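To start, the structure under review is shown below, and the notes come after it.
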Amino acid sequence: MPPEARGAAPAGATTVPMVIELRFASPRILAAAKEDRGRAEWPLHGARLFSALVSVLHEEEADPAVFTAGEAALFWLETLPSPEVQASDATPITPLTTYVPVNDALYAPGAPGRLKPRLSPGVIAALPLLRYVWRVDRAGLNQHRIALQRLLSRLSWFGRSSNLVFPQLMEVAPEQLPQAAQLRVWQPDPSGQHVMRVARPGRLTRLRILYADGRPTDRGPLAAYRRDDDPPPPPETWQGPWQAVWDSFVLRSEARIPLTEAEPFAKAVRRVLVARDRAAQATAGLQGLPLFADNAFVSGHRPDGAPARGDRLALIPLGDLGHRHARGHLLGLAMLLPRSATPEQWQSVAELLQGGAPDAELADLPLDAGWGRLLAASDDQPAGLRLQRYAGPARDWVTTTPILLSRRPDQGRNRSGQATEAALRALLIRECALSGLPEPEQVAVSAHPILPGQAAARAFRQDRGGPQRWAVHARLRFAVPLAGPLLVGAGRFSGLGLLMPLPEGLAVLADGDAP
Numbered sequence: 002m003p004p005e006a007r008g009a010a011p012a013g014a015t016t017v018p019m020v021i022e023l024r025f026a027s028p029r030i031l032a033a034a035k036e037d038r039g040r041a042e043w044p045l046h047g048a049r050l051f052s053a054l055v056s057v058l059h060e061e062e063a064d065p066a067v068f069t070a071g072e073a074a075l076f077w078l079e080t081l082p083s084p085e086v087q088a089s090d091a092t093p094i095t096p097l098t099t100y101v102p103v104n105d106a107l108y109a110p111g112a113p114g115r116l117k118p119r120l121s122p123g124v125i126a127a128l129p130l131l132r133y134v135w136r137v138d139r140a141g142l143n144q145h146r147i148a149l150q151r152l153l154s155r156l157s158w159f160g161r162s163s164n165l166v167f168p169q170l171m172e173v174a175p176e177q178l179p180q181a182a183q184l185r186v187w188q189p190d191p192s193g194q195h196v197m198r199v200a201r202p203g204r205l206t207r208l209r210i211l212y213a214d215g216r217p218t219d220r221g222p223l224a225a226y227r228r229d230d231d232p233p234p235p236p237e238t239w240q241g242p243w244q245a246v247w248d249s250f251v252l253r254s255e256a257r258i259p260l261t262e263a264e265p266f267a268k269a270v271r272r273v274l275v276a277r278d279r280a281a282q283a284t285a286g287l288q289g290l291p292l293f294a295d296n297a298f299v300s301g302h303r304p305d306g307a308p309a310r311g312d313r314l315a316l317i318p319l320g321d322l323g324h325r326h327a328r329g330h331l332l333g334l335a336m337l338l339p340r341s342a343t344p345e346q347w348q349s350v351a352e353l354l355q356g357g358a359p360d361a362e363l364a365d366l367p368l369d370a371g372w373g374r375l376l377a378a379s380d381d382q383p384a385g386l387r388l389q390r391y392a393g394p395a396r397d398w399v400t401t402t403p404i405l406l407s408r409r410p411d412q413g414r415n416r417s418g419q420a421t422e423a424a425l426r427a428l429l430i431r432e433c434a435l436s437g438l439p440e441p442e443q444v445a446v447s448a449h450p451i452l453p454g455q456a457a458a459r460a461f462r463q464d465r466g467g468p469q470r471w472a473v474h475a476r477l478r479f480a481v482p483l484a485g486p487l488l489v490g491a492g493r494f495s496g497l498g499l500l501m502p503l504p505e506g507l508a509v510l511a512d513g514d515a516p
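Going letter by letter, the sequence shown gives residues 2 to 516 in this note's numbering.
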């Protein structure tokens, strides 16, 4: 079930529009992006609204009846699908640096260094207005309307304390509201290129745990969005099996690690996530919270040690490839979730990325064996870490890391004992089907590098016992454009078999080429 299907009304239920409108007192709106404190966030994400309502809720603790009703309303709100977001165009303002006191007992008043710099990024909105829109079950709205209205009535600022707001809960179709034509619309869309933070089931509990531990609010779950003026994908575009939500991390290491270490590197990252998962489950058990039982989604193995079947988390090392100055080293890593991921799986992975263990830092993965550390990538990240480079849509694709074949080419060998190209092409077509892709209409196989900076297929180290799998580079052409990211082969969950649209300047497969 995709994240957008969460909280959908039962079949036959009566649904109505629910709009939370926030009208700002000034068009100058300050808010920093969670992943980059020097960049403005616009529109403000739905997770920020949810966190603001949680903060207001806990100001009502003196009145048990009001608090209980508000708590029930937020538990209901976090189960709803990701909201549509409406906002006007906005112009970023130059961030100002201010100096604020540090809330730390180590700094006595007047001590040197007590004032620390703080950036204040923001925008000038053409229309100082935000709307969050859901379609909800009428019975649920009737049950929680009064509690939501009370929470919103206590919300006086949003994003920063300087952003004074006037909230309102409405039950009107958004296109019928005043000034609707002046607003852009961001719709939840798995193929969208905009990523926003949202609330998922369990978010209220997660925020309470962070507060009790004295830790800042984490980034939380993500959802892909498409803006109404984004160019639509080609009508024939085939959607791949992976969510177009790209959690990327920059590798900080004393040594320049070659991309040929992709699989061992991915497995080192997975060990960190599995350790965090175990620590989080132990903590949840001690606190009497529900456990996330599907550990195989993160670890890739069932409790008996056998490989897990079906969709699961993919860890994809990314390298410096595809341009004339490419050096073929590791830039960082991306984490992908399949479209079939459940809300519980999204929530679990989000918590692991932001530090499932109580002593872990936000989006900071210290790795063993001297690999270095992974830090959340910012907007100025290298091109090799950006989703757009791997997303397509495109008909012609090429491997960045070699495809591992799940079956050896036992037949179709030539006189020297080498597998023939025809046998390898047949196995590659099979791997595409096993990986959830349509059959390519043309395939070109190579043991040698295809992209600038790339190493030969056999140079990629396979971190496994027993016989090594056959590894090949390939160029694939499909009958229709495919939307990525695309992963193919037996190593697709651990860094091998990542495809990218064929870069300009490389020869494409001609229509007359034999498959």
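We treat Cβ as the ideally placed atom computed from N, Cα and C, and that holds for glycine. These numbers were taken from a predicted model, which means no experiment stands behind them.
Are the beta-carbon atoms belonging to residue i and residue j less than 7 Å from one another?
i, j, result
"L375", "F250", "yes"
"E442", "R478", "yes"
"L452", "L322", "yes"
"E264", "Q463", "yes"
"P189", "S83", "yes"
"R185", "E22", "no"
"F51", "A200", "yes"
"P28", "P179", "no"
"W158", "P486", "no"
"A148", "A74", "yes"
"S163", "L31", "yes"
"P18", "A174", "yes"
"A127", "D90", "yes"
"D278", "L334", "no"
"D305", "S341", "no"
"H77", "G141", "It should be noted that the sequence gives Trp, not His, for residue 77. A contact, by the Cβ cut-off of 7 Å."
Around the C-beta of residue i, are 16 or more other C-beta atoms found within 10 angstroms, so that it is buried, or is it exposed?
i, result
"R426", "buried"
"N143", "exposed"
"R476", "buried"
"D138", "buried"
"S300", "buried"
"L107", "Note that L107 scores a pLDDT of 48, beneath 50, so its modelled location is shaky; the value from the coordinates is reported in the next line. By the 10 Å Cβ count, L107 comes out exposed."
"V473", "buried"
"P233", "exposed"
"H46", "buried"
"T95", "exposed"
"P44", "buried"
"R119", "exposed"
"E85", "buried"
"L58", "buried"
Any heavy atom of the ligand GTP inside 6 Å of the beta-carbon of residue i?
i, result
"L50", "Ligands in the displayed structure: none, and consequently the ligand GTP is not present."
Keeping to the same chain, check which residues put their C-beta closer than 7 Å to that of residue i; ignore five residues upstream and five downstream.
i, result
"R457", "The sequence given here has Ala at residue 457, not Arg. Excluding residues within five positions, the ones whose Cβ falls inside 7 Å are A448, H449 and P450."
"S436", "L488, V489, G490 and R493"
"Q382", "S249 and V251"
"E61", "V67, F68 and G71"
"V444", "R426, L429, I430, A475, L477 and P516"
"E422", "V446"
"L314", "F298, V299, M336, L338 and V350"
"G39", "P96, L120 and P122"
Suppose the cutoff is 8 Å on Cβ atoms and the five residues either side in sequence are ignored; what does the same chain contact list for residue i look like?
i, result
"A12", "Reliability of the predicted coordinates at A12 is poor, the pLDDT of 39 falling under 50, and no value is obtained from them."
"D360", "Residue placement at D360 is poorly supported in this model, since its pLDDT is 37, which falls under 50; the coordinates are not used for a value here."
"G221", "A48, R198, V199, A200, R201, R204, R207, A351 and Q355"
"A328", "Per the sequence shown, residue 328 should be read as Arg rather than Ala. The residues are R257, D321 and G454."
"Q389", "Q194"
"R408", "L428 and R431"
"L503", "A395, D397, W398, V399, R476 and V509"
"R146", "L170"
"Q183", "S89, A127 and L128"
"R303", "A297 and A309"
Could you round the C-beta distance between residue i and residue j to whole angstroms and report it? I think they count as a contact, below 8 Å.
i, j, result
"T16", "R136", "5 Å"
"L116", "Y100", "4 Å"
"W372", "F266", "6 Å"
"W239", "A484", "7 Å"
"G393", "P339", "Incorrect: roughly 17 Å between the Cβ atoms, too far for contact."
"F25", "L165", "7 Å"
"L170", "L54", "Going by Cβ atoms, the distance from L170 to L54 rounds to 11 Å, so no, they are not a contact pair."
"L260", "H330", "6 Å"
For residue i, I'd like the list of residues in its chain whose CB is within less than 6 Å of its CB, leaving aside the five on either flank, ordered along the chain.
i, result
"A41", "P93, P122, G123 and V124"
"G385", "L319, D321 and L332"
"Y391", "G485, P486 and M501"
"A480", "E442"
"D231", "none"
At least 3 beta-carbon pairs within less than 8 Å: the region 222-229 vs the region 181-195: yes
- prompt: For the region 401-411 against the region 495-508, are there 3 or more C-beta pairs whose distance is under 8 Å?
  reply: yes
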